[in-house]
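Right, one structure below, let's go through it.
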């Protein structure tokens, strides 16, 4: 099926929302902290990607974030795109003549070896499931043959799209890559398994874990500033 | 460090609580359904183990459950053990002269290939993390050199125990094996990724998924009997 052209070069796209991100974390982090934390998670993802064998990384931000420019270097560039995620990605895919990897920017536990394993899979499409039916990463040998359909149960939708288009698909099974951080309970995973900026930042602002009734719960030390807004 | 004796035989232990299990699922499943569902999950785990290369499987139940006997065959046996999980396991380890695999009975998404990969790892100790700091499976080359310490953040405790005892440790990274089913949201994963008895049972009693505000939520069809008790 696939023509396998450009198989050695992997163009990586990291969608990122810099302004008012991660609203479901607002009971633990104030707006400023949520923005900082989102940047830390992006930093961890870029760090893993830089250590991997992908050739080029493009961060596509939803809004004009000047601070993103500071992350640019020989391997990483940033751009601002209007429109929904599917619209932006699928219009890029149409003219792309090399393999593509899409990695969400809220996967602070992903590592370079995981990314290398994903892009070495032989299938046309590799899907990395996230919790609750999400798709945390997609690898496409031939981006023009696929289209994304995020939101809702995107994992099942992406599997179906691959099947309908006669593309071989593989589900890449990783706990670390399955952890997209959206809800307070997800922060437990960052604190337990994280070794990067995101875990450090949470600890710095006093977020920790306590055991209550034999179960781990998130706590915020009283010595640190409480969230400015719990809206 | 390890003497590697009996490395080709893997004795597998599956702890199981047959009576009043999974109390955190009570808002969706009545007591009878929780018991049935726990047996379905055990069935899925045993099915994966039977298809794998482990040599012998022992289900250790907390209480006398006659129905467990129906699962016994040449490869599977059942026993009832008094005492806490750590106490039971660690007393078994003391005299064990072959490799041991402990697999929790609430991992309906685990597969035979995952189990085979775990038991082929070369390290002295292999830990399979679950959500919220749990340890869903442990593989021990030399059980007598290790001791378990479940509950609380057992994953970090088990890593530390291996380190303190000079045992090489590996973290086995699997999304499917990370899903121990304790809370209603965990049922989403069974419905999305499950292919065994547990997923079939949930669908049969009318548990499904709806998208609300772009997020998947668990729903129970009105045509099925509501839980007897929501206590």
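Chains as they are written, first to last, in our numbering: chain X, 1 to 231; chain F, 1 to 231. For glycine and all other residues, C-beta sits at the position ideal for the given N, C-alpha and C.
Show which residues of chain X have a CB atom less than 7 Å away from the CB atom of residue i.
i: residue 173(F); result: 174, 175 and 176
Taking CB distances under 9 Å as the criterion, tell me whether residue i reaches chain X.
i: residue 87(F); result: no
i: residue 185(F); result: yes
i: residue 84(F); result: no
i: residue 131(F); result: yes
i: residue 114(F); result: yes
i: residue 1(F); result: Note that residue 1(F) scores 42 on pLDDT, short of 50, meaning its location in the model is unreliable; the coordinates nonetheless yield the value given after this. It does not: the Cβ of residue 1(F) has no partner Cβ on chain X nearer than 9 Å.
Starting from residue i, follow the alpha helix (DSSP H) in both directions and report where the run begins and ends.
i: residue 201(X); result: 197-204
i: residue 155(X); result: 154-164
i: residue 123(X); result: That residue, residue 123(X), is in no alpha helix (DSSP H); it is neither H nor E in DSSP.
i: residue 10(F); result: First-last for residue 10(F): 10-16, but that is the beta strand (DSSP E), not the alpha helix (DSSP H).
i: residue 177(F); result: 175-178
Please list the partners that residue i has in chain X, where partner means a Cβ-to-Cβ separation under 8 Å.
i: residue 203(F); result: Ordered by position in chain X, no residue passes the 8 Å Cβ test against residue 203(F), which lies about 14 Å from the chain.
Under 8 Å Cβ-Cβ, which residues of chain F neighbour residue i?
i: residue 153(X); result: 192, 209, 211 and 216
Kindly indicate if chain F contains any beta-carbon less than 9 Å away from that of residue i.
i: residue 49(X); result: no
i: residue 156(X); result: yes
i: residue 188(X); result: yes
i: residue 220(X); result: no
Which residues in chain X sit within 9 Å of residue i, going by Cβ to Cβ distance?
i: residue 74(F); result: Within 9 Å Cβ-Cβ: nothing; residue 74(F) doesn't reach chain X, min ~30 Å.
First and last residue of the beta strand (DSSP E) that includes residue i?
i: residue 37(F); result: Element bounds for residue 37(F): not the beta strand (DSSP E) but the alpha helix (DSSP H), 31-50.
i: residue 61(F); result: 56-61
i: residue 191(X); result: Note, residue 191(X): premise wrong, no beta strand (DSSP E); alpha helix (DSSP H) at 184-193.
i: residue 88(X); result: Taken as a continuous stretch (DSSP letters only), residue 88(X) belongs to no beta strand (DSSP E), being part of the alpha helix (DSSP H) at 85-94.
i: residue 139(F); result: 135-140
i: residue 168(X); result: No beta strand (DSSP E) holds residue 168(X); DSSP gives it neither H nor E.
i: residue 107(F); result: First-last for residue 107(F): undefined, no H or E at that position.
i: residue 23(X); result: Counting along the chain, residue 23(X) falls outside any beta strand (DSSP E), and DSSP gives it neither H nor E.
i: residue 208(F); result: 207-212
i: residue 265(F); result: Nothing in the structure corresponds to residue 265(F), since chain F is present only between 1 and 231.
Problem set entry | Where the segment 96-107 of chain X meets chain F: residues whose CB sits under 7 Å from a CB there | none
Exercise. Does the pairing of the segment 178-194 of chain F with the segment 100-108 of chain F give three or more beta-carbon distances under 8 Å?
Worked result: They touch, by the three-pair rule.
Exercise. Would you say the segment 70-79 of chain F touches the segment 207-214 of chain X, given that touching needs at least three Cβ pairs under 8 Å?
Worked result: no
For this session: State whether the segment 23-42 of chain X contacts the segment 110-119 of chain X, with contact taken as three or more CB pairs (one from each stretch) at a distance under 8 Å.
Result: The segment 23-42 of chain X makes no contact with the segment 110-119 of chain X: fewer than 3 CB pairs, one atom from each, lie closer than 8 Å.
Problem set entry | Three-pair Cβ contact test at 8 Å for the segment 38-53 of chain F versus the segment 6-22 of chain F | yes
Exercise. Per the contact definition of three or more C-beta pairs closer than 8 Å, is the segment 144-154 of chain F in contact with the segment 84-100 of chain X?
Worked result: no
Problem set entry | Positions along the segment 15-26 of chain F whose CB lies within less than 7 Å of some CB in chain X | none
Exercise. Do three or more CB pairs link the segment 188-195 of chain X to the segment 130-137 of chain F at distances below 8 Å?
Worked result: Contact holds: three or more Cβ-Cβ distances are below 8 Å.
Exercise. With contact counted as at least three CB pairs below 8 Å, one residue from each stretch, are the segment 122-129 of chain F and the segment 157-171 of chain F in contact?
Worked result: Contact holds between the segment 122-129 of chain F and the segment 157-171 of chain F, because three or more Cβ pairs, one in each stretch, are under 8 Å apart.
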